[in-house]
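Take a look at the structure set out below.
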Amino acid sequence: MKRKIISFLGSNILSQLILLIAVPLTGRIYSDYEIGVLSFTLSISAPLAYFYTLSYNKAIMLPGKSEEYSMLYAVSIFLSITISLISFFIILISTLFFDIDSYFLIVPLVAFSQSLYSASKDILIKKGLLNIVSKSMILNSIFAVIIILSGYYIKLSYWVLILSYVIPNFLATIFILFYLKIQRRNFVYREFYNIIIKYKSFPLHQMPAYFINTFNAELPSFFIKHYFGEAILGNYFMASKIVNKPLSLISESLNGLIYKDLSETNKAKLNKKMNTYVGLLFLVSLLFAIVYLIFGEYFFSLFFDINKWRKAFDMSKIIIFTTIISASFSHYSSGVLVKRKNKIFLVWEVITTLVLLVSFFLGKSSTIDLFIWIYVGVILFRYLLLSLLFNKS
Numbered sequence: 005m006k007r008k009i010i011s012f013l014g015s016n017i018l019s020q021l022i023l024l025i026a027v028p029l030t031g032r033i034y035s036d037y038e039i040g041v042l043s044f045t046l047s048i049s050a051p052l053a054y055f056y057t058l059s060y061n062k063a064i065m066l067p068g069k070s071e072e073y074s075m076l077y078a079v080s081i082f083l084s085i086t087i088s089l090i091s092f093f094i095i096l097i098s099t100l101f102f103d104i105d106s107y108f109l110i111v112p113l114v115a116f117s118q119s120l121y122s123a124s125k126d127i128l129i130k131k132g133l134l135n136i137v138s139k140s141m142i143l144n145s146i147f148a149v150i151i152i153l154s155g156y157y158i159k160l161s162y163w164v165l166i167l168s169y170v171i172p173n174f175l176a177t178i179f180i181l182f183y184l185k186i187q188r189r190n191f192v193y194r195e196f197y198n199i200i201i202k203y204k205s206f207p208l209h210q211m212p213a214y215f216i217n218t219f220n221a222e223l224p225s226f227f228i229k230h231y232f233g234e235a236i237l238g239n240y241f242m243a244s245k246i247v248n249k250p251l252s253l254i255s256e257s258l259n260g261l262i263y264k265d266l267s268e269t270n271k272a273k274l275n276k277k278m279n280t281y282v283g284l285l286f287l288v289s290l291l292f293a294i295v296y297l298i299f300g301e302y303f304f305s306l307f308f309d310i311n312k313w314r315k316a317f318d319m320s321k322i323i324i325f326t327t328i329i330s331a332s333f334s335h336y337s338s339g340v341l342v343k344r345k346n347k348i349f350l351v352w353e354v355i356t357t358l359v360l361l362v363s364f365f366l367g368k369s370s371t372i373d374l375f376i377w378i379y380v381g382v383i384l385f386r387y388l389l390l391s392l393l394f395n396k397s
């Protein structure tokens with residue numbers, strides 16, 4: 005099992021490295037406006053992806069019987085297909101009455117691809133098929149880079165960028181489904197109602213919490229677009245990628261494993277194990293931040309046109325503080341959910357989102373740099389509160 009985990013982490017890091025390569029390529033091929041449109045599209049689709057499955061995919065890790073978590077997977081896919089189609093037709097009808105940009109029509113497809121791939125990875129992790137998850141992530145990353153590069157020849161503006169987040173998800177999911185079909189042909193589609201009722205706390209409490217959590221993470225993009233425009237949003241997106249991607253090599257690679265490990269941990273040892281995970285991730289994040297703040301401009305100039313993306317680099321030196329906090333303390337959310345404290349998780353999300361909204365409204369007349377510093381302060385409050393709630397619950 006240890007060999008599987010090491011291989012899984014190695015493959016995850018490789019997939020993230022491939023995506024890391026895509027960041028400077030994106031900066032050289034596309035304009036800040038095109039990247040800003042991509043950022044805004046992803047900001048809408050990310051919370052929708054959680055809504056589409058009603059968080060039933062997050063329950064996959066809990067049951068011991070394969071029939072039960074297979075049904076949870078089937079429920080997740082069914083809901084995702086149904087709700088994504090409904091949302092598409094709502095947007096389509098809205099275009100007849102309101103002045104809506106054309107790229108809004110692809111948002112349901114982006115969200116559906118994200119929810120589908122996420123649920124498929126969850127069931128593989130539950131079944132212990134970490135090698136298949138790893139291969140799918142590497143394939144996803146390779147396809148994404150290929151599509152991003154194609155934008156140099158295919159002049160379709162931001163459409164190519166958006167599709168680089170859609171097509172790879174579908175191809176990676178097809179790879180997973182093909183493997184699952186070979187391994188297990190008898191997914192149980194009966195008794196949907198019973199399984200939906202049994203895990204009703206997930207759509208009632210966890211789905212709103214996850215939706216708000218993701219919406220919370222995307223709020224800066226909404227306000228930056230409104231206050232400063234798509235070009236500044238494009239710089240913010242690039243700055244976030246520059247500092248977030250290196251740390252996501254570790255943080256995102258460990259996320260699924262941490263959740264699985266915690267769900268199988270004795271309750272008496274849960275707090276200690278969770279705090280150990282967070283402490284180690286915080287130290288790694290802090291080390292990265294120190295190196296970046298000292299040598300960041302040198303490395304930035306190697307991969308980016310510093311004259312074109314100077315604003316993005318300046319933003320990244322502020323955003324890195326949110327990265328330190330989020331990359332480590334955000335994992336407390338897994339611990340809260342393993343404890344089945346879904347109501348606490350939801351209340352935490354609502355409170356911190358309201359604080360963030362008020363802070364952003366108050367920062368309306370600020371500069372972009374001050375706006376980001378306000379965000380850093382709220383993120384610090386947000387995750388310190390989560391840490392306190394986890395350890396006291």
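The number in this note's numbering is simply the position in the sequence shown, starting from 1, with 4 added. Note that the Cβ used here is the ideal one computed from N, Cα and C, for glycine as well. All values derive from a computational prediction rather than experimental measurement.
In terms of residues, what are the limits of the alpha helix (DSSP H) holding residue i?
i, result
"residue 63", "No alpha helix (DSSP H) contains residue 63, which DSSP labels as neither H nor E."
"residue 163", "162–167"
"residue 222", "211–232"
"residue 195", "Counting along the chain, residue 195 falls outside any alpha helix (DSSP H), and DSSP gives it neither H nor E."
"residue 363", "346–366"
"residue 122", "111–130"
"residue 379", "372–396"
"residue 134", "134–154"
"residue 332", "314–333"
Where residue i and residue j are concerned, what is the direct C-alpha to C-alpha distance, given to the nearest angstrom?
i, j, result
"residue 130", "residue 233", "42 Å"
"residue 82", "residue 49", "18 Å"
"residue 236", "residue 307", "20 Å"
"residue 305", "residue 316", "12 Å"
"residue 42", "residue 281", "33 Å"
"residue 387", "residue 329", "7 Å"
"residue 199", "residue 211", "16 Å"
"residue 227", "residue 180", "37 Å"
"residue 128", "residue 277", "24 Å"
"residue 291", "residue 245", "18 Å"
"residue 137", "residue 125", "6 Å"
"residue 22", "residue 196", "39 Å"
"residue 384", "residue 148", "32 Å"
"residue 110", "residue 220", "22 Å"
"residue 74", "residue 99", "38 Å"
"residue 154", "residue 31", "14 Å"
"residue 374", "residue 159", "36 Å"
"residue 248", "residue 174", "24 Å"
"residue 141", "residue 168", "14 Å"
"residue 51", "residue 208", "16 Å"
Check each candidate in the options and name the one with the smallest Cα separation from residue i.
i, options, result
"residue 17", "252, 371, 362", "252"
"residue 132", "316, 327, 184, 236", "184"
"residue 351", "32, 26, 214, 65", "214"
"residue 397", "349, 283, 385", "349"
"residue 274", "343, 285, 295", "343"
"residue 217", "360, 196, 107", "360"
"residue 170", "300, 121, 30, 230", "121"
"residue 204", "76, 33, 385", "76"
"residue 108", "298, 323, 162", "162"
"residue 144", "160, 118, 158", "118"
"residue 327", "293, 318, 309", "293"
"residue 47", "356, 166, 101, 296", "166"
"residue 243", "372, 365, 156", "372"
"residue 151", "310, 314, 34", "34"
"residue 26", "97, 146, 74, 105", "146"
"residue 279", "332, 302, 230", "332"
"residue 285", "314, 297, 334", "334"
"residue 114", "105, 78, 172", "172"
Near residue i, what residues of its chain come up, given a Cβ to Cβ distance below 8 Å and the 5 sequence neighbours on each side ignored?
i, result
"residue 116", "53, 56, 84, 85, 88"
"residue 206", "58, 59, 60, 62, 63, 346"
"residue 72", "199"
"residue 363", "378, 379, 381, 382"
"residue 354", "216"
Only counting the same chain, and skipping five residues up and downstream in sequence, which positions put a Cβ closer than 6 Å to that of residue i?
i, result
"residue 394", "336, 339, 340"
"residue 80", "57, 60, 61, 123"
"residue 91", "112"
"residue 379", "224"
"residue 241", "39, 43"
"residue 401", "Absent from the model: residue 401. The displayed extent of the chain is 5 to 397, so no value can be given."
"residue 135", "none"
Enumerate in chain order the residues of its own chain whose CB-to-CB distance from residue i is below 7 Å, with the five nearest sequence positions on each side excluded.
i, result
"residue 37", "234, 235, 238"
"residue 376", "319, 322, 323"
"residue 295", "none"
"residue 391", "333, 336"
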